[in-house]
Amino acid sequence: MKQSFISLWVQLGLEKVWDMKPLVNGKEITSVLQLKSGGPLQQKLLSWQLAHPSGTAEDCLDWMMETHSKLVKLESDNSVD
Numbered sequence: 476m477k478q479s480f481i482s483l484w485v486q487l488g489l490e491k492v493w494d495m496k497p498l499v500n501g502k503e504i505t506s507v508l509q510l511k512s513g514g515p516l517q518q519k520l521l522s523w524q525l526a527h528p529s530g531t532a533e534d535c536l537d538w539m540m541e542t543h544s545k546l547v548k549l550e551s552d553n554s555v556d
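Going left to right, the sequence shown walks through residues 476 to 556 as our numbering numbers them.
Right, here's the structure in full:
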């Protein structure tokens, strides 16, 4: 059991996950999204990276812009009610 877990861990490329650095830093996030701070998106960055191991910084920024747009729309829809 332990060996199969380790094999899967290595197969998924997670053996160095602790050393993983964010593809995009906080300054880039705030600049692209025109925010004061990266907020919740910055916190979700590593999750996105793990789910998209071959993703690039550009892919990540695209995801962040799309996600941010959806959050802004939800907030504006909720404030109208």
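The beta carbon of each residue, even a glycine, is placed where N, CA and C say it ideally should be.
The structure displayed is predicted, hence computed values, not measured ones.
Contact check, residue i vs residue j, beta carbons under 8 Å
i	j	result
M495	L521	yes
D488	P515	What sits at residue 488 in the sequence shown is Gly, not Asp. No, the pair does not count as a contact, with Cβ atoms beyond the cut-off.
Per-residue burial, residue i [other beta carbons within 10 Å of its own, 16 or more giving buried]
i	result
Q524	buried
V499	buried
L508	buried
I481	exposed
Supposed close pair residue i, residue j - CB separation, criterion 8 Å
i	j	result
G530	Q517	With a Cβ gap of about 16 Å, G530 and Q517 do not count as contacting.
Q | Unbroken stretches of the alpha helix (DSSP H), 4 residues or longer, contained in the region 476-541 | A | 477-486, 501-508, 514-526
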